[in-house]
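2 protein chains.
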Amino acid sequence: MQAIEGPPGLRERKKRRTRDALIRSALELFSLKGYEGTTVDEIAAAADVSQRTFFRYFTNKEEVALSVQDMAESRFLAAVLERPAAESPLTALRTAVLASWDGIEEAIEAVVPLELHVRTYRMIQETPQLLAAHLRRQAELEDRLAAEIARREGLPAQDPRPRILVAAFSGVMRETSKLWADVAGGDMAELRGTTAAYLDQIGPALAENWRS
Amino acid sequence: MQAIEGPPGLRERKKRRTRDALIRSALELFSLKGYEGTTVDEIAAAADVSQRTFFRYFTNKEEVALSVQDMAESRFLAAVLERPAAESPLTALRTAVLASWDGIEEAIEAVVPLELHVRTYRMIQETPQLLAAHLRRQAELEDRLAAEIARREGLPAQDPRPRILVAAFSGVMRETSKLWADVAGGDMAELRGTTAAYLDQIGPALAENWRS
DNA sequence: GAGATTATGTCAGTCGCTGCCACTTGACCA
DNA sequence: TGGTCAAGTGGCAGCGACTGACATAATCTC
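Residue numbers (UniProt numbering), protein chains in the order written: chain Y, 1 to 212; chain R, 1 to 212.
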């Protein structure tokens, strides 16, 4: 049972610390010896827990590598859900990404150094297994986004337009994220700029008003 | 050394037979006991080879599950490369998919029963690991498509428009493929219809003429 | 502080996958 | 035609990811 949110007790705080320690150890080892070159045993040892415990916090090795990225995506989804229904779908998505980036650096730094996260992001793109897992999560996110947009616009589930829009939007996001990690070296201001510029390229092209 | 294509000798024919047998055995077992419920040992045994040999034909268990799907994608890519440069990007993609579907049922039947392929496709969507691998391959395909379109249109590599277009196009393809497997039960005529209809939804919306 | 919960460690075992080496089989040529 | 070379195959040993079962230790609750 869960009381409606008390101050977290010792147990919860300890769990959080262990989890963060596992993430930090994992990302550091990954960036040092590569993803495949790092064993779960090593990660667990570095965080001072048993291998079995690692698998109680993360269902598999991929998950720990994607955990920070995951947080960023949760923020984005949450931001989308908060957008007023009056905004057009594309505007809502655009505003939501930008909003979800406010204070994200601090949120990341609370777990791992920002630079480590950037290196991890690059590693994800280069490691087939991780890229695959990452794309699957993205696809799940796209599903939820499309469903939310269909809901907002009052469209039946079969209407393909939300999915097409979300696909185009996600395509932009994937590109700009890659540029952010590879070219910009993790600079958020530059990411905002590139994203806005790239989104402007679909804006006019996809801006059919579905309601008129 | 490879002579420029002689008639395949006994050795080649035997390899082909083994490979096809492995695919058939694998897909049948998958559809019977599920992907994770099937071991590579079982697949190898069913095809009458050793486990070691299985891994000489497929780098991993995923690959055999995606092998037929892979063939379809190769056909599509080849069809795109054959499109005349005069066609607009979206038209080229559209014509290429439809063209790549001519005779595809026969090509599939040469390896496995069509119905088994449809069931496999459904399984891919439902099995996280397979979906992930599938999406990664799709992403690779998208990269190549975008590069080809950029080349055709004489655009610099940074221009995001080819990628956005390809992302939207692929979004449509993913949707219609799912419908094909789930709703249409593998009927190609229906797939063509749905695809055309869905593509019409982005056609006008994305039909900026990049050259004018 | 006793007793119920929950987190952790240990251990044994399965499965995917790889390197290594010995053996067989089809290809090619004198 | 027979012999040599290259390529395909099997068996085995071993690593690493992951899981179930059980015992132990740490918090929580009253």
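Backbone N, C-alpha and C define an ideal beta-carbon position, used for all residues, glycine too.
Residue i burial status per 10 Å Cβ neighbour count (16 or more: buried)
i: Lys178/Y; result: exposed
i: Gln69/Y; result: buried
i: Arg52/Y; result: exposed
i: Ala3/R; result: Residue placement at Ala3/R is poorly supported in this model, since its pLDDT is 39, which falls under 50; the coordinates still yield a value, given next. Result: exposed.
i: Gln158/Y; result: exposed
i: Thr39/R; result: exposed
i: Thr59/R; result: exposed
i: Lys33/Y; result: exposed
i: Ala79/Y; result: buried
i: Thr194/R; result: buried
i: Lys15/R; result: exposed
i: Lys61/Y; result: buried
i: Ser25/R; result: buried
i: Ile202/Y; result: buried
i: Glu89/Y; result: Per the sequence presented here, residue 89/Y reads as Pro, with Glu not at that position. It counts as buried.
i: Leu130/R; result: buried
i: Arg56/Y; result: exposed
i: Ala146/Y; result: buried
i: Val64/Y; result: buried
i: Leu22/R; result: buried
i: Leu29/R; result: buried
i: Met1/R; result: Residue placement at Met1/R is flagged as unreliable, the pLDDT there being 38, under the threshold of 50; the coordinate-derived value follows with that caveat. Counting Cβ neighbours within 10 Å, Met1/R comes out exposed, since fewer than 16 surround it.
Identity of the residue in the options nearest residue i by Cα
i: Ser31/R; options: Val112/R, Pro8/R and Leu98/R; result: Val112/R
i: Leu183/Y; options: Arg119/Y, Gln201/Y, Asp41/Y and Asp143/Y; result: Note that residue 183/Y corresponds to Val in the displayed sequence, not to Leu. For the residues Arg119/Y, Gln201/Y, Asp41/Y and Asp143/Y, the minimum Cα distance to Val183/Y belongs to Arg119/Y.
i: residue 259/Y; options: Pro156/Y, Leu191/Y, Ala181/Y and Leu199/Y; result: No statement about residue 259/Y is possible, as the shown extent of chain Y runs from 1 to 212 and does not include it.
i: Ser100/Y; options: Phe76/Y, Arg16/Y and Lys15/Y; result: Phe76/Y
i: Arg151/Y; options: Ile43/Y, Arg83/Y, Arg56/Y and Lys61/Y; result: Arg83/Y
i: Met173/Y; options: Ile149/Y, Glu105/Y, Glu73/Y and Ala110/Y; result: Glu73/Y
i: His134/Y; options: Leu155/Y, Leu81/Y and Met71/Y; result: Met71/Y
i: Gly37/R; options: Thr127/R, Glu140/R, Leu191/R and Glu153/R; result: Thr127/R
i: Leu191/Y; options: Val97/Y, Asp48/Y, Gly154/Y and His117/Y; result: Val97/Y
i: Arg144/Y; options: Asp187/Y, Ala107/Y, Leu93/Y and Ala189/Y; result: Leu93/Y
i: Ala86/R; options: Trp180/R, Glu153/R, Glu175/R and Gly185/R; result: Glu153/R
i: Thr176/Y; options: Ala189/Y, Ala44/Y and Leu165/Y; result: Ala189/Y
i: Glu142/Y; options: Asp41/Y, Leu155/Y, Gly185/Y and Ile164/Y; result: Ile164/Y
i: Ala107/Y; options: Pro8/Y, Asp20/Y and Gly9/Y; result: Asp20/Y
For residue j and residue i, believed in contact at Cβ under 8 Å, the rounded distance
i: residue 239/R; j: Ala132/Y; result: Any answer about residue 239/R is impossible in this case: the structure gives chain R only from 1 up to 212.
i: Ala167/R; j: Ala168/Y; result: 5 Å
i: Ile149/R; j: Pro162/R; result: 4 Å
i: Ala66/R; j: Ile124/R; result: Note that residue 66/R is Leu in the sequence shown, not Ala. Leu66/R to Ile124/R, Cβ: 7 Å. Contact.
Extent of the continuous alpha helix (DSSP H) run through residue i
i: Pro162/Y; result: Arg161 to Asp182
i: Ala150/R; result: Pro128 to Glu153
i: Thr95/Y; result: Pro89 to Ser100
i: Ser67/R; result: Lys61 to Leu81
i: Ala21/R; result: Leu10 to Lys33
i: Thr53/R; result: Gln51 to Tyr57
i: Ala45/R; result: Val40 to Ala46
i: Ala107/R; result: Ile104 to Glu109
Contact test: residue i Cβ vs the ligand COA heavy atom, cutoff 6 Å
i: Glu190/R; result: For the structure depicted, the ligand COA is absent and the ligand set is empty, with no information on it obtainable.
Item to check | Under 9 Å (Cβ pairs) to chain R, residues found in the segment 81–102 of chain Y | outcome: none
Checklist entry - What are the residues of the segment 129–143 of chain Y that lie near chain R, defined by any Cβ-Cβ distance shorter than 7 Å? => result Leu131, Ala132, Ala133, Leu135, Arg136 and Ala139
Item to check | Residues within the segment 185–201 of chain Y neighbouring chain R, beta-carbon criterion of under 8 Å | outcome: Tyr198 and Gln201
Item to check | Contacting positions in the segment 163–177 of chain R - beta carbon closer than 9 Å to chain Y | outcome: Here the close residues are Arg163, Ile164, Leu165, Val166, Ala167, Ala168, Phe169, Ser170, Gly171, Val172, Arg174, Glu175 and Thr176.
Next on the checklist: Any C-beta of chain R within less than 7 Å: which residues of the segment 145–164 of chain Y qualify?
Outcome noted: Within the segment 145–164 of chain Y, the residues whose Cβ lies closer than 7 Å to some Cβ of chain R are Pro160, Arg161, Arg163 and Ile164, listed in chain order.
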